[in-house]
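Novice:
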Amino acid sequence: MNPYVVPGLTAVVLMTVGIGAYGLRFARTTSDFLVASRSVSPAWNAAAISGEYLSAASFLGVAGLILRYGVDVLWYPVGFAAGYLALLLFVAAPLRRSGAFTLPDFCELRLGSRPLRRLASIFVVFIGCLYLVPQLQGAGLTFTTVTGGSYVWGALLVGVVVTANVALGGMRAITFVQAFQYWLKLTALAVPVIFLVLHWQSAGRPPVTPPDGATFPAATTVVIQQDAEVGGEAVQAGQELQFAAGDPVPRVSTVDATFGPDWLLPGGDTGLFATYSLILATFLGTMGLPHVLVRFYTNPDGAAARRTTLVVLALVGLFYLLPTLYGVLGRIYTPQLLMTGRTDAVVLLLPEAALGGGQLGRLLGALVTAGALAAFLSTSSGLLTSVAGVVFTDVLPPGRSGSVGGFRLATVLGAIVPVTFSLYVSNMDVSRVVGLAFAVAASSFCPLLVLGIWWRRLTDLGAAAGILVGGGAAMVSVLIPVLGPPLHGWPAEVIGQPAAWTVPLAFLVMVAGSLLTGRRVPADVGATMLRLHAPESLLRLAAGSGDRRRAR
Amino acid sequence: MPADDDPRKRRTRVVLGEAAARRRPADRAHADLAEQTPVGEALVKGLVRAQLALALRLALVVVTSLGALPLLFAAAPGVGRAKVLGVHLPWVLLGVLSFPFLVGVGWAYVRWAERNEQDFSAVIRRPEQ
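Line by line, the protein sequences give chains X and P.
Note that our numbering has the first sequence beginning at 1, numbered continuously upward.
Note that our numbering has the second sequence beginning at 1001, numbered continuously upward.
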C-alpha cells in the first residue's frame, strides 16, 4: 500500500475539522448557522459553491466514463457546467431577491401555500438522499481501492466526519471548508496531470488508440470481478489472469466498454435520444439541486448572486478540463480497468500506473486520493446542510425549531437514513445515480423555479400538479431499474434517461394546471414580481417613499 | 407637487440639500412601485419582459450552437473525423472550447442584465417633466 495515503487523508480530515472549528468561533446565532449571516464575499462564495458542487461523480466518475465510452460522455462535464449558465440566466438574481433560503421557502413566498411547501420538502429530501448515498458509496469504494480496508468503514468515516462538521459548525464554517476544498480538488487533479503529460511526451507520445487495439503497457495481473467470457473462454469471478507487457487487452463479456478507434468518434452506442436527455437533465437539473440553491442566500444582493454564479461557471469549467485528460491517459496506462469494469478508479490509479511505484508516483497518488476525499466531504456536507435545513424548518415541531440545538438534531436525523442506506447498497453506479438525481430535479424544481420567477399566472395547484406528475415520473423511472425487472430496447432507453420526456411533461402540466385554476393566482403577485426583479437599492427607496406617503 | 408647499420639506432640503433634491422628483414613480398602481405594474412588467427576453435569447444561442452538435455529428460523420492540431474535432469542441464559450455567454448576460436594471432605475429616478 502507498505509505503517503494515510497521512494525506488524515491531513484532509484534520483540516476540514480545523477550519470548521475555526468557523465555529464566529458562528454564534442560528442565523450564522443557516446562512452565514449573508456576509460572504462573491469570490469566497463562488469557490464554496464550486467546492460543494464537484462531487465524486465529477472527480472520479467523469474520467471513468471517458475511459470507458470516449467522446460521447464529454456531454456529462459540459452539461454539469452548462447547468450553471441556465441557473445564471433564469434563476440566480431573482431567487436571491426573493429572500428564500430553501426551495420550500420559495414555494411559500411565491405561492403562499403550505401543502405545496410540504410537497417541495419531500422532493428536497428525496433528491438530497439520492445524491448523498452515492457520495458515501464512492467514499467506501475509494477506501477499499486505496487502503484495502473494508467498504463499510470508508462510508462510515466520511458519514461521521460530515455529520459532526455540519452539526457543530453549520454553514459559516462550511463556506470556508468548501472554498478550501475546491482549491484542493483542483490542485489534486492539476499537479499530477502535469507530470502525467510530461511523462507521456518523454515516452514518445504512445498512441491513445493503437491501430491493433489497446495493449498492456507493463506486466499486469487482472482479477476478474464477475463470471464472464474472455476471448471465447469462460472465466469465474476472482480468477486471476496474467498479461505481459505488449499483450493486447481482451474484451470481457460482462463489462460494457468501447474498444478500438470508435472510442475517438462521436455517435457510438449512445443514441441521440439518450444524449439529448442527458443534456436536458444536466442543463436544467443544476438549478433544482437543493445544496446549490441554499448557497444563493449567502449573497448580499441579486447582482452579487449573478456575479457569483458567473465565477462559479468559470471555476467549474476550469476544473472540467482535467478529468478528460485522465480518461484519455487511462486508456494508455490503466487498460486493465476496462476488464474489471472499475473505471471509476482511473483517477486514483493513474499516477502510480504511469509514473511507476517510485516516490513521485506515490506522492501524486496520495494527492489525488486526498482530493477524492475532499470531493466526498464537501458535497456530502452541502447536501446534509440543505437536507437538515429542510428537516429543521419543516419537520421538527415548532418548539424545537429556531434553536441551534434544533439544527443539530435535524442534522443527525438527516444523516441517519442515507448513511444507513449506503452501508447496504454497494453496487450502484456512482455517476448514473447522480445523473438520475439531476433528472428528478430538472423535472420537479426547474419548472417550479422558472415559471414561478417569470410567469405571473402560476398557481399553487398547477405547481403541485406539475411537480407530482413530472417529478413523480422521473422518480418512478429512477426506481424501476433498481427494483423492477431488467428492460431492453427502447423502454430501457426511455426509462434510463427520462429527462427528455419528464421535463416537458412537468412544464406542460404546470402551465395547464395553472390556467385551469386561474382564480387561485395569489393577490400579491405584483408585489412579489417587483421584489424578485427590481434592484434592491431601488426597492429600499421605493419602500421609504411609500412609508412617507402613508405617514402623511 | 404638493410636497413643495410643505414647510417641513423645505427645511430638509437645506439640511440634506443634495439627497433631498435627488429624491424628491422621483417620489411619484417610487410610490407607483411601492403601492402597486397600474403605472408601477407596467414598469415592473417591462423589466421582467426585458430580462426574460435577454435570458431566452442567450439560451437560444447556446441551444443552437452547443445543442446542435450531437445532430451535426450524427448527420455529418465527416465532421467528427476532422482533426485540429492532431486531435479529433469533437474532443476539442466539447472537452476544451465549450467551457470558455459558456463563460463568455454568462459574462455577456451579466453585463446586459445589469444594464437592463440600470435602465429601469433610470426610469424610476428620472425627474418628472
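Beta carbons: idealized from backbone N, C-alpha and C, even for Gly.
1) Could you check whether Leu116 of chain X and Met441 of chain X sit closer than 8 Å to each other, using their CB atoms as the reference points?
2) Contact defined as beta carbons within less than 8 Å: I believe Thr286 of chain X pairs with Leu87 of chain X. What is the distance between those atoms, to the nearest angstrom?
3) If I follow the unbroken beta strand (DSSP E) through Thr221 of chain X, where does it start and stop?
4) Residues bridged to Thr248 of chain X by DSSP?
5) Please state the DSSP three-state secondary structure of Thr179 of chain X.
6) Could you give the DSSP three-state label for His1088 of chain P: helix, strand or coil?
7) My output table needs one value for Val91 of chain X: the three-state DSSP class, helix, strand or coil.
8) Would you decide whether Ser202 of chain X is buried or exposed? Buried here means 16 or more other CB atoms lie within 10 Å of its CB.
9) Specify, as a first and last residue, the run of the beta strand (DSSP E) that Val230 of chain X falls within.
10) Does Gly1120 of chain P come out as helix, strand or coil in the three-state DSSP assignment?
11) Whole angstroms is fine: what's the gap from Val316 of chain X's alpha carbon to Leu409 of chain X's?
12) What's the C-alpha gap between Val434 of chain X and Gly1040 of chain P?
13) Output the boundary residues of the beta strand (DSSP E) element that contains Phe243 of chain X.
14) Mark Asp460 of chain X as exposed unless 16 or more other C-beta atoms lie within 10 angstroms of its C-beta, in which case mark it buried.
15) Since Val280 of chain X and Ala474 of chain X should fall inside the 8 Å C-beta cutoff, what is the C-beta to C-beta distance between them, to a whole number of angstroms?
16) Let's test the definition: count the other Cβ atoms within 10 Å of the Cβ of Ser50 of chain X and tell me whether it reaches 16, buried, or not, exposed.
17) Report the three-state DSSP secondary structure of Val255 of chain X (helix, strand or coil).
18) Given that a residue counts as buried once 16 or more other Cβ atoms are within 10 Å of its Cβ, and exposed if not, what is Ala1019 of chain P?
19) Does the beta carbon of Ala1021 of chain P come closer than 8 Å to any beta carbon on chain X?
20) How far does the beta strand (DSSP E) with Val235 of chain X in it extend, from its first residue to its last?
21) Name the chain P residues that come within less than 8 Å of Pro250 of chain X, Cβ to Cβ?
22) Within its chain, find whatever has a CB closer than 6 Å to the CB of Val91 of chain X; leave out the 5 residues flanking it on each side and keep chain order.
23) So the alpha helix (DSSP H) Gly51 of chain X belongs to, where does it begin and stop?
24) Excluding the 5 residues preceding and the 5 following Ala11 of chain X in the sequence, name in chain order all residues of the same chain whose CB lies nearer than 8 Å to its CB.
25) Report the CB separation of Gly462 of chain X from Glu52 of chain X in whole angstroms; it is logged as a contact under 8 Å.
26) How many Å lie between Leu348 of chain X and Ser55 of chain X at the Cα?
27) Which residues in chain X have a C-beta closer than 7 Å to the C-beta of Ala1055 of chain P? List them in chain order.
28) Tell me the rounded alpha-carbon separation between Ala375 of chain X and Pro491 of chain X.
29) Which residues in the same chain have their Cβ closer than 8 Å to the Cβ of Thr221 of chain X, if we skip the five residues on either side of it in sequence?
30) By DSSP's criteria, Lys185 of chain X is part of a beta bridge. Which residues make up the other side?
31) If you pair each beta-carbon of the stretch 404 to 423 of chain X with each one of the stretch 115 to 132 of chain X, do three or more pairs fall below 8 Å?
32) So that I know if they touch, is there some Cβ in chain P lying closer than 8 Å to that of Val13 of chain X?
33) Just checking, does the stretch 333 to 341 of chain X make contact with the stretch 245 to 260 of chain X on the three C-beta pairs under 8 Å criterion?
34) Give the residues of chain X in contact with Val1044 of chain P, contact being defined as C-beta atoms less than 8 Å apart.
35) Who does Lys1083 of chain P pair with in a DSSP beta bridge?
36) Indicate whether at least one CB of chain X lies closer than 8 Å to the CB of Val1103 of chain P.
Specialist: On the basis of the data shown:
1) The question names Met, but residue 441 of chain X in the sequence shown is Ala. The answer is no: Cβ separation not under 8 Å.
2) 6 Å
3) 220 to 223
4) This sequence places Pro at residue 248 of chain X; Thr is not what is there. For Pro248 of chain X, which the question treats as bridged, DSSP gives the partners X:Thr215.
5) Looking at the sequence shown, residue 179 of chain X is not Thr but Ala. Ala179 of chain X falls in the helix class under three-state DSSP.
6) Of the three classes helix, strand and coil, the one that applies to His1088 of chain P here is strand, per DSSP.
7) Note: Val91 of chain X maps to coil in three-state DSSP.
8) exposed
9) 228 to 230
10) What sits at residue 1120 of chain P in the sequence shown is Phe, not Gly. If DSSP states are grouped into helix, strand and coil, Phe1120 of chain P belongs with the helices.
11) 33 Å
12) 44 Å
13) 240 to 243
14) buried
15) The sequence shown places Leu at residue 280 of chain X, not Val. Not a contact, Cβ separation roughly 11 Å.
16) Within 10 angstroms of the beta-carbon of Ser50 of chain X lie 16 or more other beta-carbons, which makes it buried.
17) coil
18) The predicted position of Ala1019 of chain P is uncertain, since its pLDDT is 44 and thus under 50; no value can be drawn from it.
19) Unreliable positioning characterises Ala1021 of chain P in this predicted model, as indicated by a pLDDT of 43, which lies under 50. The coordinate reading is nonetheless provided below. No, its Cβ sits nowhere closer than 8 Å to a Cβ of chain X.
20) 233 to 235
21) Under the 8 Å cutoff, chain P gives no residues; its nearest Cβ is about 26 Å from Pro250 of chain X.
22) Met287, Leu449
23) 42 to 53
24) So the qualifying residues of the chain are Ala370.
25) For a cut-off of 8 Å, the C-beta gap from Gly462 of chain X to Glu52 of chain X is around 32 Å, too long to register as a contact.
26) 15 Å
27) Leu89, Phe90
28) 34 Å
29) Glu240, Leu241, Gln242, Phe243
30) As DSSP reads the structure, Lys185 of chain X sits in no beta bridge.
31) yes
32) no
33) yes
34) Under the 8 Å cutoff, chain X gives Gly526, Met529, Leu530, His533, Ala534.
35) Answer by DSSP bridge pairing, in chain order: P:His1088.
36) yes
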